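Residues in the sequence shown are numbered consecutively from 165, following our numbering.
Working notes, structure below.
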Amino acid sequence: MSQLKRIAEEDCDMEMTPMIDVTFLLLIFFICTLKFKTLEGKLSAYLPKDVGVNQSDAEPIEKVEITLRVKREGIKMLPKLDHSTPTEHWDPVTHENKRYVYDASRVIEYAIGPRKTQDLDELQKRLGELIKADIERPATIDARKGIVYADVVRVLDCVMNVDFKEVTFVGSYE
Numbered sequence: 165m166s167q168l169k170r171i172a173e174e175d176c177d178m179e180m181t182p183m184i185d186v187t188f189l190l191l192i193f194f195i196c197t198l199k200f201k202t203l204e205g206k207l208s209a210y211l212p213k214d215v216g217v218n219q220s221d222a223e224p225i226e227k228v229e230i231t232l233r234v235k236r237e238g239i240k241m242l243p244k245l246d247h248s249t250p251t252e253h254w255d256p257v258t259h260e261n262k263r264y265v266y267d268a269s270r271v272i273e274y275a276i277g278p279r280k281t282q283d284l285d286e287l288q289k290r291l292g293e294l295i296k297a298d299i300e301r302p303a304t305i306d307a308r309k310g311i312v313y314a315d316v317v318r319v320l321d322c323v324m325n326v327d328f329k330e331v332t333f334v335g336s337y338e
């Protein structure tokens, strides 16, 4: 029993040195593995302003801008039912046409810059004059509110008939 008494009476002290060593090792480990964030907009790059491969300024490309506007809105009408109309335009539930046409009172205004017209032939003639001046000139079609796809396709046909190589479309303003 004397042995057990001696063991029970011994003081148990905890050594702090290994604990401190482990703490410092963990601290060093986390610092070394930390990824520092570099701000992309604030990288220090000292590039010469007056010397480089391409010293010339880029020349702006002059486009032919074609604007389509509804001058006078016509009346929407359903087309007549005939056998020439494709069946995908007909609603199988209501047996009605999903598409419509406008009557002859609808007026579309076409503008190339400040020059305006309501005639597609005159538009095509003016486009032909512009493409002769610069064959690489791109065209931009800007269809405003109220213009339907059929109107845009007619103008696109005019543009393609005079051999424009590049045609872009302006997005909506809404």
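The beta-carbon is built from N, C-alpha and C at its ideal position, and this holds for glycine as well.
Here the structure is a predicted model, which means the values were calculated and not measured.
Pairwise C-alpha distance: residue j and residue i
i      : j      : result
Val317 : Lys296 : 22 Å
Lys199 : Leu191 : 14 Å
Met178 : Phe193 : 25 Å
Val326 : Val312 : 22 Å
Val331 : Ala222 : 21 Å
Lys227 : Ser336 : 19 Å
Glu237 : Glu300 : 35 Å
Pro224 : Arg279 : 22 Å
Thr281 : Glu273 : 6 Å
Val186 : Ile195 : 14 Å
Limits of the unbroken beta strand (DSSP E) element including residue i
i      : result
Leu367 : The structure shown does not extend to residue 367, since the chain spans only 165 to 338, so no value can be given for it.
Phe333 : Val331 to Phe333
Where the alpha helix (DSSP H) containing residue i begins and where it ends
i      : result
Phe194 : Thr181 to Thr197
Nonlocal neighbours in the same chain, by C-beta distance under 6 Å from residue i, ignoring five residues either side
i      : result
Ala307 : Leu232 and Val316
Ala303 : Val228, Val323, Phe328 and Val331
Arg290 : Ile276
Option nearest residue i by Cα separation, candidates the options
i      : options                           : result
Leu320 : Ile230, Leu189, Lys235 and Cys196 : Ile230
Arg270 : Gln288, Leu189 and Lys240         : Lys240
Asp283 : Asp267, Asp185, Val265 and Lys235 : Lys235
Val265 : Gly310, Val186 and Leu189         : Gly310
Cβ neighbours of residue i in the same chain (closer than 7 Å, five flanking residues each side left out)
i      : result
Gln288 : Cys322, Asn325 and Val326
Contact set for residue i: own chain, Cβ-Cβ below 8 Å, skip 5 residues either direction
i      : result
Thr197 : none
Ile184 : none
Entirely enclosed beta strand (DSSP E) segments - the segment 271 to 320, minimum 3 residues
271 to 276, 279 to 281 and 303 to 307
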